[in-house]
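Chains as they are written, first to last, in the numbering used here: chain A, 5 to 262; chain B, 561 to 920.
The beta-carbon is built from N, C-alpha and C at its ideal position, and this holds for glycine as well.
Because the structure is a prediction, the values reported are computed rather than measured.
Notes follow the structure.
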């Protein structure tokens, strides 16, 4: 298999006495799309929050792109090349598409003006167009404010950030949970374009059909532990459900017997 | 992937639904209000066929009643300067109630540094400081005033950013503090007799010049600079702004500082125009400034509005005030009507918002 982009070793997170995440060993290769599944409270989101720097881990190591990393906050992770599409859309409603894509990393000129430096609208617009083209998202008028867009369009804009900034790893936390059928299809199309472009992805999803459609590998979390690591070709929906509910545990992850 | 040319549904776009610039609505409202006053002037029995807008008595070279237009714009200019700052605060999702009393306090302080030694050959009867403070270069009171504004605004911003108390409360406290400073400065006595160069700052139509100049600067800053973009972003979705790496706290402090510096500058112009400073100056200015912004389409929920809107809002405000006087409405009723108009403007904004969100 190709190079490893992300690896976690014994990643652990305790909230006081609650062991939300225990000894998670996880590997993601370049170009690979992996789904994380599990019941609510299984530790999926906790796992992602440690990687994206939203929270600080209790113990364990994260190796990203060959180097051990300690992200102080989500911005650090983003700078390193990890782009996260959150469940709640982190978009500013009153701004248009380029403004949102470039929020916090605007292109400017006359930089000696400090906080009053001028925005390079033209360059941002052009890069936005290029980014949207890569994801095959069609937004009729990128100068319109996000407020007037549909849920699908907004999600597409959020995802398009990834493509625009050539991130090394994309993480999506239930990107289609709030979307209709057609909008979901649109988002899934973007995920496929990311796959074709060879960009690695971690997808958190409850949607079995979507997972089987989109990813190469499925990692199942249960009660704060990884309980299965399944290749898509070697499993099916029922099998995964068995792991999620606790009917089955892969032997190498079975801590109780050790 | 076959049908991406038009998106897979949900991506259809009706060009006719394109956002209509809100500023145009306000502009039409402005014209409508002028027309209404014109009609009222023609129909009310006690008006003797006066015209609101036009010069019917051949007093001027133009067809307009220039004296009235001049008074309207002069009246709104000083509060308009405050409104430019309040606009930025409201767009960032906050509110600033301290600007009116800040005008009073700044005027008192600034005037103390702008006094002249001799009044008609006699020593200045209103002197605040000793001999050293007479006939100082005009730049000094301006710097003192702006620094005081920045100081007060900085406290406002820091309180709101770090203690996370509502802006309404923080600036309401500052409202009282500033009024107190204004009264304590000279124990309530007015400060008068500025130097000639200081008096020139607000002479004649100078307030209008300052207002328009600052409006252009603020418009450019809000629309084309990083500062402006981040102001809109924070007002629109503070969490998103923070997650995008914008230093929200520092930015809020900046916004409040700029707003208070604009209010302080308004105080300089006002005291220069009046040739005196009194602790009671600027009463209701904070509310009038907010009203101008709100009439101009600045949304109290943050994220939306523009300087062009606020300038038009200021014009609407001025026209209404002048119009009420023109149709000889009592001052008490003027206040009531003004209050009703502000409420109506906010209700309109709310309606517009609800309509906007129901579409998505």
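Collapsed DSSP secondary structure at residue 608 of chain B in the structure displayed
coil
Report the three-state DSSP secondary structure of residue 656 of chain B (helix, strand or coil).
coil
Do residue 849 of chain B and residue 639 of chain B have their C-beta atoms closer together than 8 Å?
yes
Roughly how far, in whole angstroms, is the beta-carbon of residue 161 of chain A from the beta-carbon of residue 101 of chain A, given that I think they are within contact range, below 8 Å?
6 Å
Between the segment 706-725 of chain B and the segment 684-691 of chain B, can you find at least three pairs of beta-carbon atoms closer than 8 Å?
no
Quick one: what's got a C-beta closer than 8 Å to residue 901 of chain B's C-beta in the same chain, skipping five residues either side?
851, 855 and 880
Looking at the unbroken alpha helix (DSSP H) that takes in residue 263 of chain A, where does it start and where does it end?
The structure shown does not extend to residue 263 of chain A, since chain A is modelled only from 5 to 262, so the question has no answer here.
Can you find the residues in the same chain that come closer than 8 Å, C-beta to C-beta, to residue 84 of chain A, ignoring five residues on each side of it along the sequence?
68, 69, 73, 75 and 172
Pairs of beta-carbons, one from the segment 867-883 of chain B and one from the segment 585-598 of chain B, closer than 8 Å: are there three or more?
yes
Alpha carbons only, please: which of B:593, B:604, B:580 and B:581 is nearest the one belonging to residue 887 of chain B?
B:604
Can you tell me whether residue 836 of chain B is helix, strand or coil according to DSSP?
strand
Can you pull the chain A neighbours of residue 792 of chain B, defined as C-beta to C-beta under 9 Å?
96, 98, 99 and 103
Would residue 227 of chain A and residue 46 of chain A qualify as a contact pair, given that the criterion is a beta-carbon distance under 8 Å?
yes
Coarse secondary structure for residue 119 of chain A, derived from DSSP in three states:
helix
Hey, would you say residue 613 of chain B sits closer than 8 Å to residue 636 of chain B, going by beta carbons?
no
Please state if the CB of residue 9 of chain A and the CB of residue 204 of chain A are separated by a distance shorter than 8 Å.
yes
Could you name the residues of chain B that residue 123 of chain A contacts, counting a contact when the two beta carbons are closer than 7 Å?
784, 785, 786 and 789
Would you say residue 615 of chain B and residue 625 of chain B are within 8 Å of each other, going by their C-beta atoms?
yes
When we look at the beta-carbon of residue 110 of chain A and count the other beta-carbons within 10 Å, is it buried (16 or more) or exposed?
buried
Taking C-alpha atoms, which residue in A:37, A:30 and A:95 lies nearest to residue 64 of chain A?
A:30
In whole angstroms, give me the CA-to-CA distance for residue 714 of chain B and residue 824 of chain B.
13 Å
Nearest-angstrom beta carbon gap, residue 157 of chain A and residue 191 of chain A [assumed within contact, 8 Å]
Going by Cβ atoms, the distance from residue 191 of chain A to residue 157 of chain A rounds to 10 Å, so no, they are not a contact pair.
I'd like to know whether the C-beta atoms of residue 781 of chain B and residue 120 of chain A end up nearer to each other than 8 Å.
yes
Comparing C-alpha positions only, which one of A:255, A:258 and A:221 sits nearest to residue 240 of chain A?
A:221
Unbroken alpha helix (DSSP H) runs of length 4 or more, entirely within the segment 46-109 of chain A: which are they?
48-55, 78-84 and 101-105
In terms of residues, what are the limits of the beta strand (DSSP E) holding residue 624 of chain B?
Here residue 624 of chain B belongs to no beta strand (DSSP E), and DSSP marks it neither H nor E.
If you check the beta carbons only, do residue 644 of chain B and residue 761 of chain B fall under 8 Å apart?
no
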